[in-house]
Amino acid sequence: MTIQESADKLVNEFSQFDDWMDKYNYLIEMGKSIPTIDEKEKVDSNLISGCQSRVWLSSEYKDGKIYFKADSDAVITKGIANLLIRVFSGHTPKEITDADTDFLDKIGLKEHLSPTRSNGLLSMIKQIKMYAYAYSLKGNS
Amino acid sequence: MSDIEKIRADFPILSVKVNGNPLVYFDNAATTQKPRQVIDAISYYYSNFNANVHRGVHKLSQQATDAFEIVRKQIATFINAQSPTEIIYTRGTTEAINLVAFSFFETFIKEGDEIIVSALDHHSNLVPWQMACARKKAVLKVIPVTIVGELDMQAFQKLLAPNTRLVAVSHVSNTLGTINPLKEIVKLAHANNTAVFVDGAQGMSHGKVDVQDIGCDFYAFSGHKMYAPMGIGCLYGKTEWLEKMNPYQYGGEMIQKVSFECTTFNELPYKFEAGTPNVADVVGLGAALKYIEHLGWEFIEKQETQLLNYLMEKLSKINGIQFIGTSKNKAAIVSFNIEGIHYFDAGTILDHMGIAVRTGSHCTQPLMDVFHIEGTIRASMAFYNTVEEIDKLIKGVEKVKQLFG
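Heads up: the sequence lines are chains W and V, in that order.
Under the numbering used here, the letters of the first sequence match residues 1 to 141, in that order.
Under the numbering used here, the letters of the second sequence match residues 1 to 405, in that order.
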């Protein structure tokens, strides 16, 4: 599935919820099924700033594709991280750096999340894009 | 209309809706809401007599100057300072602290001198002293807190050394609500020839502050945490200190005579007020003081005590609530965590229900370390809050438990 297809699928899944509570329930469920990182990877260099809760994001570069794992001490944050992982993990650096992030607006996450949380979300996306950029330089060398 | 309904009607923002729900505002320790009397006063100032103060011979300038100086007198009376010249306008508490951390240090602190701060203070009442100590090679000592979130007074006594020049403590902890024993601190410090600076950011809105009764050498506060506008605050300092201290910033109004060779500074309080001051918000602060006086401390204290007791009682009936800060001497600020649930998850859900609480470390990271936590959920109340709003918060907490438990 391309990044766009994964994003569209998520937008579709979330469009079924009329109630914010159902949306959060779904995010909480997503949080529980996140590909979590090892305790030893929960180091400051994997820590994302800009979140009120702690979020760790690690990446692995295999056969030209990047695989992400994440964890957080807050469940909603974990759900959001997993949502990003579902869209971006398993793609090439170029696909990731080129990808749109407007699906978050369509899901209604931006408007429904508090400003600090929103920043955390943006920080996570920024970090994912940074990883992709770093690996793309590595791939070219 | 009940008394409280009438009071709530004075605060336009209290009738807005948040996420489709009526706003429940429990973030008063961050900033309080403003009554229409304050909002109107600012609007009236700009509509009728806006002018720069102290400089003009024209009518408007005189009117603006009068209003500006009347509020200074009003503040002096409000906190029982000896003279309005002991009242210096600042942007807020933080600027007042920075002023003292600069000017007091320049004049009175030498290498090796000691300063005492506390473990329960806001970063604003820590970092300026930390930086000033680094600049002057002075030593920063910290009063520890007890398990209930009170200052360890025995440890404090031991920290007082012959070369301790200043103690900087808050009146009320912004995270725990603890009301510190200021008079006792002042008594011990003064017996040691040590000056006392009080961060009154959280102290001014909950009860009468009498700086002469407290006996402190400095007391700083922010207007916006006591129903006045943002961007205006105050430093009270005893004349004997202020006269010896050099200015903190230089520029207009604070000078007396300028030549290319030298400048002499204006008298108190103007030597500490460089640049065009925030006249409109001073006028707003004046209106806020009037509003508080109109309600009366007796009413405010009674209402806030009732709310505090009700919230503590209701929360303690819920399983898994951990209180952080259980001093008997406590303002209407309640910090807690829900076992097994991150404060940020809780805060996000509460926000959806229209309930504004604060989550996180509340700018007191060293204090969080003391309790081995990352942060808390903090509900801070004001006289305009109601028991019905607390019931909504309790329902919200139960909903959070159901979602994440």
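All residues carry an ideal CB built from backbone N, CA and C; glycine is no exception.
Query	Result
What residue ranges within the stretch 370-402 of chain V form continuous beta strand (DSSP E) runs of no fewer than 3 residues, ordered along the chain?	376-380
When you compare only the Cα positions, how much space is there between residue 377(V) and residue 20(W)?	22 Å
Give me the Cα-Cα distance between residue 39(V) and residue 285(V), rounded to the nearest whole angstrom.	10 Å
What residues of chain V sit near residue 4(W), judged by a beta carbon separation below 8 Å?	The contacting residues do not exist; residue 4(W) stays about 28 Å from chain V at best.
Measure from the C-beta of residue 178(V) to each C-beta in chain W and report whether the shortest distance is under 9 Å.	no
With a threshold of 9 Å between beta carbons, is residue 345(V) in contact with chain W?	yes
For a contact meaning CB atoms closer than 7 Å, what does residue 76(W) contact in chain V?	345 and 348
Let me confirm a value: residue 147(V) is counted as buried when at least 16 other C-beta atoms fall within 10 Å, else exposed. Which label applies?	exposed
Going by DSSP in three states, residue 60(W) sits in which element: helix, strand or coil?	strand
Tell me which residues share the same chain as residue 182(V) and place their Cβ nearer than 7 Å to its Cβ, disregarding the 5 neighbours each side in the sequence.	171, 198, 214 and 216
What number of angstroms, rounded off, separates the C-alpha of residue 242(V) from the C-alpha of residue 108(V)?	12 Å
Can you list the residues of chain W that residue 360(V) reaches, using a CB-CB cut of under 7 Å?	52
From the DSSP output, which residues share a beta bridge with residue 219(V)?	198(V) and 236(V)
Roughly how many angstroms separate the alpha carbons of residue 81(V) and residue 231(V), rounded to a whole number?	22 Å
Counting only Cβ-Cβ distances shorter than 7 Å, please list the residues of the stretch 112-132 of chain V near chain W, keeping chain order.	none
Would you mind working out which of 29(V), 23(V), 4(V) and 9(V) sits nearest residue 363(V), comparing C-alpha positions?	29(V)
I want to see whether chain V comes within less than 9 Å of residue 20(W), judged by CB atoms only; does it?	yes
Step through the CB atoms of chain W and report whether any lies within less than 9 Å of the CB of residue 296(V).	no
With DSSP as the reference, please indicate the residues paired to residue 341(V) in a beta bridge.	338(V)
Can you tell me whether DSSP reads residue 284(V) as helix, strand or coil?	helix
Report the three-state DSSP secondary structure of residue 9(V) (helix, strand or coil).	helix
If contact is defined by three or more beta carbon pairs under 8 Å, each pair taking one atom from either stretch, is the stretch 306-319 of chain V in contact with the stretch 370-389 of chain V?	yes
For residue 123(V), which residues in the same chain have their Cβ closer than 6 Å to its Cβ, ignoring the five residues on either side in sequence?	363
So which residues on chain W does residue 403(V) lean against when the C-beta distance must stay under 9 Å?	21, 24, 25, 28 and 75
Mind listing the chain W neighbours of residue 352(V)? Cutoff is C-beta to C-beta under 9 Å, in chain order.	20, 21, 24 and 112
To the nearest angstrom, how far is the alpha carbon of residue 94(V) from that of residue 365(V)?	17 Å
Does the beta carbon of residue 82(W) fall short of 8 Å from some heavy atom of the ligand HEM?	Absence of the ligand HEM from the depicted structure is noted, as is the absence of any ligand whatsoever, leaving it without description.
What are the residues of the stretch 319-342 of chain V that lie near chain W, defined by any Cβ-Cβ distance shorter than 9 Å?	341 and 342
Spell out the partners DSSP gives residue 360(V) in its beta bridges.	376(V)
To which residues does DSSP link residue 123(V) through a beta bridge?	Answer is none; residue 123(V) lacks a bridge partner.
Taking the alpha-carbon positions, what's the residue 53(V) to residue 16(V) distance?	36 Å
Just curious, the beta strand (DSSP E) that residue 265(V) is in, first and last residue?	263-265
Hey, is the stretch 64-77 of chain W in contact with the stretch 339-359 of chain V, meaning 3+ C-beta pairs nearer than 8 Å?	yes
Is it right to say residue 276(V) is buried, meaning 16 or more other beta carbons lie within 10 angstroms of its own, or is it exposed?	exposed
Hey, is residue 249(V)'s beta-carbon within less than 9 Å of any beta-carbon in chain A?	Looking at the structure shown, chain A is missing, and the protein chains on hand are W and V.
Looking at the structure shown, is residue 244(V) part of a helix, part of a strand, or coil, going by DSSP?	helix
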